[in-house]
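Asker:
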Amino acid sequence: MAPRRNITISRRLRATIARGRPPCHLCGEPINYDLPHTDPMSFELDHIVPLARGGADHISNAAASHRACNRTKGDRTDGGPILRRSGSLARPQ
Ligand SMILES: [Zn+2]
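So the sequence shown is numbered by numbering that gives the first Met the number 0: it starts at 0 and just counts up by one.
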C-alpha cells in the first residue's frame, strides 16, 4: 500500500518555509510570495528528494521554489507531478 502524503504537514511546511521568504532554490531568483498560487512564478514548496522517491515530508527536505521551476523539476524526476500536487493545489489558503 502506497503511503499517502499528509496534507496538514505539507501546509505547515509551506507556511514555515514561506515565513523566511527565501529565493527559489532551483533558479536562485527571488519569489513574490503575494502572487496567487495559479501564477507560474508563485511560491511552491519543493521537496528536495521527491516524495515519490522516498523523500520525507519534513523541513529538512523542503525548500522554496517557483511553481514553474518545480514543475520542470517534477516532470523530470518523479514522473507524477499531477498526482503529487493534487492535494495541495486545490485548497484555498
Ligand atoms: Zn525558480
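Note that the Cβ used here is the ideal one computed from N, Cα and C, for glycine as well.
Keep in mind that this is a model prediction, so the values were computed, not measured.
By a C-beta neighbour count over all protein chains shown, 10 Å radius and 16 as the cutoff for buried, is N69 buried or exposed?
Answerer: buried
Asker: Since L12 is in the alpha helix (DSSP H), which residue starts that stretch and which ends it?
Answerer: Per DSSP, the continuous alpha helix (DSSP H) segment holding L12 begins and ends at I6 to R18.
Asker: For the beta strand (DSSP E) that contains E43, what are its first and last residues?
Answerer: F42 to H46
Asker: Can you have a look at H65 and say buried or exposed, based on whether 16 or more other CB atoms are within 10 angstroms of its CB?
Answerer: buried
Asker: Please list, in chain order, all residues of the same chain as A67 whose beta carbon is under 7 angstroms from its beta carbon, the five residues on each side excluded.
Answerer: P39 and M40
Asker: Output needed for G19: all residues of its chain with C-beta closer than 7 angstroms, excluding positions within five of it in sequence on either side, in chain order.
Answerer: For G19, where only same-chain residues beyond five positions count, there are no Cβ hits under 7 angstroms.
Asker: Would you mind stating whether R99 and L44 have Cβ atoms separated by less than 7 angstroms?
Answerer: Outside the displayed span of the chain (0 to 92) sits residue 99, for which this structure offers no information.
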